[in-house]
Amino acid sequence: MKVNIRPSVASGGRRITDRQLEVLNAVNRKGSINAAAAFLGISPPVAYRHIKELEDVIGEFVLSTSPRGSKLTECGTNILESLRSADERLSDERRFTVACSPVTEELLMSVISSTNADVDLLISNDDVNMRSLKKDEVDVVILDDPVHVFDDDSLQWQEIAQMNMIHVDKGMSYIRYRYGAQRIAFRYLDSMNKRYTIDSETLSLNDLIDSGKSFFVDEILLMRKGIRIRSSTDPSLLRHSILAVFKELTGDIEKLVSELIERNYRK
367 MKVNIRPSVA SGGRRITDRQ LEVLNAVNRK GSINAAAAFL GISPPVAYRH IKELEDVIGE
427 FVLSTSPRGS KLTECGTNIL ESLRSADERL SDERRFTVAC SPVTEELLMS VISSTNADVD
487 LLISNDDVNM RSLKKDEVDV VILDDPVHVF DDDSLQWQEI AQMNMIHVDK GMSYIRYRYG
547 AQRIAFRYLD SMNKRYTIDS ETLSLNDLID SGKSFFVDEI LLMRKGIRIR SSTDPSLLRH
607 SILAVFKELT GDIEKLVSEL IERNYRK
């Protein structure tokens, strides 16, 4: 993921450093300080120090940490979104930018690598990515949850793939994964008149699996890690479309969409 944070940011006369923001962004992506440190090639204590220094400057917690991992607080999320928005406004010329979630990250990376495309790739959840599209901060969103486009006539879209979801049913208590077509999955439960509660949420796939709670997850994420889990529901009943969503069809978008469709077809 390419992250360019150009604005100089300060709070109470103290500057927030690019390294602090880089660590915060890595924790957001990887779901824990340890995983973020490994991704950045630094030790966990160093990563933790950067987060602590950031919290000291802001005066608020930016992470909520438990034995299962870490996720951004509302303050931490707002910092990343605000800085990304500011960076886009300050850029004279923004490169062709695509946003996706971890569900489709590998597919996009393979297409970008094989075509040597000059693309900036942003990785977050569907809600954040769609807000970025509507603010003209990205050119196209690869969307896991098609519910986002049902009632918005200002957007164009094209289906590039379909994916199945795995349903692990361990009782009424559910943990919600931040990625994938979760609304479609829970609407399926509603259609079956199944009683349930959503008691927690996570960015971490490992924490999801180890939670001891019921959950939904895209089958492709498990396949990438070589994890086999029997689904309590026929995965085809939880199949959802993956959409390329954009405001206007340009040549760059058309080329990307065509390659994504072809790559998925070859698989």
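Counting from 367, one number per residue, gives the positions in the sequence shown under the numbering used here.
Backbone N, C-alpha and C define an ideal beta-carbon position, used for all residues, glycine too.
The model shown is predicted, which means the values in this text are computed figures rather than measured ones.
DSSP, read as helix, strand or coil, puts R542 in strand. The region 432 to 520 contains, as complete beta strand (DSSP E) runs of 3+ residues, the segments 435 to 438, 463 to 466, 486 to 489, 506 to 509 (chain order). Going by DSSP, I593 is part of no beta strand (DSSP E) at all; its letter is neither H nor E. Burial state of G442 is buried, judged by a 10 Å Cβ sphere holding 16 or more other Cβ atoms. A direct Cα-to-Cα measurement between L569 and S624 gives close to 30 Å.
In the same chain as L603, and ignoring 5 residues on each side of it, no C-beta atom comes closer than 6 Å to its own. Around the Cβ of P468, a 10 Å sphere holds 16 or more other Cβ atoms; the residue is buried. One alpha carbon belongs to Y543, the other to F581, and they sit about 7 Å apart. Distance between D484 and G578, taken at the CA atoms: about 42 Å. Y545 is a Cβ neighbour of D510, given a cutoff of 8 Å.
A direct Cα-Cα distance of roughly 14 Å separates V412 from S398. Between I526 and I627, the beta carbon gap of about 5 Å places them in contact (Cβ cut-off 8 Å). One alpha carbon belongs to Q524, the other to S480, and they sit about 22 Å apart.
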